[in-house]
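Residue numbers (this note's numbering): 102 to 464. Note that CB positions come from ideal geometry on N, CA and C, so glycine has one too. Please read the structure below before turning to the comments.
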């Protein structure tokens with residue numbers, strides 16, 4: 102139904118995306134997620150040829166719609182789009198907004214179009230608003246009318262470009278309920294959204310957009326439950342990350358602890374967890390720097406990941422050199438530092454690979 106081949110788009114020197122290759126099969130619901138500003142809306146507008154690509158191709162139902170001889174208006178009769186900002190015609194009432202396109206392109210007579218419009222308004226729960234004008238509707242009602250308008254042309258495909266981003270939270274549910282119903286009906290759809298639970302519920306596949314392309318893709322379960330790449334994992338789990346590197350034994354531990362405390366306070370991490378984080382890192386640094394003394398240059402990198410969604414802390418502590426597992430003899434109780442760490446950690450692990458030790462500790 103939809104295929105893009107090496108699709109590229111930029112505005113001047115600003116590259117929005119490059120070499121995008123996507124395939125959407127008939128009946129699929131594909132969710133497109135990613136941080137703001139990564140080009141999701143531009144991608145949708147380029148697929149609909151509202152933006153001209155710099156290079157590459159877009160195929161709709163097997164037809165290359167980037168060809169110069171294509172009648173793009175004919176293509177759009179079967180390719181609907183619902184926008185962030187509704188884009189209803191302010192001078193037309195609801196029913197005229199819905200019937201305008203099918204009457205104008207002569208696929209329906211006025212009476213037939215009005216009958217179809219009332220059926221669609223019934224589906225979106227707005228039959229009583231048929232004569233109302235857009236300014237008389239709430240944001241959620243306007244978006245439901247926009248969905249009905251898109252369906253009036255009996256499209257094969259609908260692109261939903263962040264359909265709830267302009268809505269108050271109280272109005273989001275009514276729009277998502279309509280889209281969920283359409284997804285279950287088997288309509289082919291692409292949905293750009295920041296509503297993660299909704300995307301997980303309705304999508305057959307999920308594309309994570311970042312770094313000017315499709316950074317990771319998979320089934321909804323794969324992306325939301327077991328993302329493989331770092332940026333996807335950070336986005337899905339709402340991770341906030343603090344990174345720090347140590348290259349000298351004479352580094353300023355007090356300054357490090359101040360930076361850690363500021364990071365934690367920014368994200369409302371409680372003082373008890375802050376103390377545990379600092380304890381773990383101080384003991385690990387002392388252990389590793391003591392073992393490495395006189396042998397090699399000190400090289401330590403660590404990150405603190407805070408999951409806003411789960412309220413969890415993950416410390417990843419990496420150091421180069423020979424195999425060195427501080428927890429190897431922890432059960433003997435001889436190393437007080439490691440005993441203190443295991444006392445505050447939910448779990449911990451160590452691995453050694455390519456001359457690099459990595460310790461993961463959950464707090």
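- For the set 314, 311, 328 and 286, the Cα lying nearest the Cα of residue 301 is the one of 328.
- Annotated three-state conformation of residue 104 is strand, per DSSP.
- Per DSSP, residue 156 is not a residue of any alpha helix (DSSP H); the beta strand (DSSP E) it occupies stretches across 156-161.
- Measuring C-alpha to C-alpha distances from residue 238 to each of 193, 282 and 212 identifies 193 as the nearest.
- One thing to note: residue 399 has its Cβ no nearer than 8 angstroms to the Cβ of residue 406.
- Secondary structure at residue 268: coil, using DSSP grouped into helix, strand and coil.
- With respect to the 8 angstroms criterion, residue 150 and residue 257 are not classified as neighbours on the basis of their beta carbons.
- For a cut-off of 8 angstroms, the C-beta gap from residue 388 to residue 463 is around 19 angstroms, too long to register as a contact.
- Excluding sequence positions up to five before and after residue 390, its CB lies within less than 6 angstroms of the CB of 350 and 399, all in the same chain and listed in chain order.
- Per the DSSP secondary-structure output, residue 165 pairs in a beta bridge with 160.
- Taking each of 110, 157 and 242 in turn and checking the Cα distance to residue 140, the smallest one comes out for 110.
- Each residue's CA atom was taken as its position, placing residue 230 and residue 332 some 44 angstroms apart.
- Only residues of its own chain outside the window of five on either side were considered, and among them 116, 118 and 119 have a CB closer than 6 angstroms to the CB of residue 313, listed in chain order.
- Counting along the chain, residue 416 sits inside no alpha helix (DSSP H); it lies in the beta strand (DSSP E) bounded by residues 413-421.
- Contact between the region 307-323 and the region 333-344 is present: 3 or more CB-CB pairs across the two stretches fall below 8 angstroms.
- Residue 212 holds the alpha-carbon nearest to the alpha-carbon of residue 197 among 212, 183, 283 and 438.
- Only exposed fits residue 112, as fewer than 16 other CB atoms lie within 10 angstroms of its CB.
- 460 is the residue among 417, 247 and 460 whose C-alpha sits nearest the C-alpha of residue 429.
- Cβ contact annotation for residue 358 (same chain, cutoff 7 angstroms, sequence separation greater than five): 379, in chain order.
- Following the DSSP letters along the chain, one finds residue 247 inside the alpha helix (DSSP H) bounded by residues 240-252.
- Pairing residue 290 with residue 261 gives a Cβ-Cβ distance under 8 angstroms.
- Inter-residue distance for residue 242 and residue 177 is about 24 angstroms (C-alpha atoms, whole angstroms).
- The residues 307, in chain order, have a CB closer than 6 angstroms to that of residue 324 in the same chain once the five nearest residues on each side in sequence are set aside.
- The C-alpha of residue 287 lies about 13 angstroms from the C-alpha of residue 252.
- Inter-residue distance for residue 282 and residue 168 is about 34 angstroms (C-alpha atoms, whole angstroms).
- In this structure residue 259 touches residue 183 by the C-beta definition: roughly 6 angstroms separates them, less than 8 angstroms.
- Counted as a single uninterrupted DSSP element, the stretch harbouring residue 224 is not any beta strand (DSSP E) but the alpha helix (DSSP H) occupying residues 211-224.
- Around residue 108, the same chain offers 121, 154 and 157 as residues with beta carbons nearer than 6 angstroms, after the five sequence neighbours per side are excluded.
- Across the structure, residue 278 and residue 189 are spaced so that their CA atoms are roughly 20 angstroms apart.
- The three-state secondary structure of residue 307, taken from DSSP, is strand.
- If you draw a straight line from the Cα of residue 221 to the Cα of residue 249, it is about 6 angstroms long.
- Linking residue 210 to residue 223 through their CA atoms gives a straight-line distance of about 20 angstroms.
- By the 16-neighbour rule on beta-carbons within 10 angstroms, residue 142 is buried.
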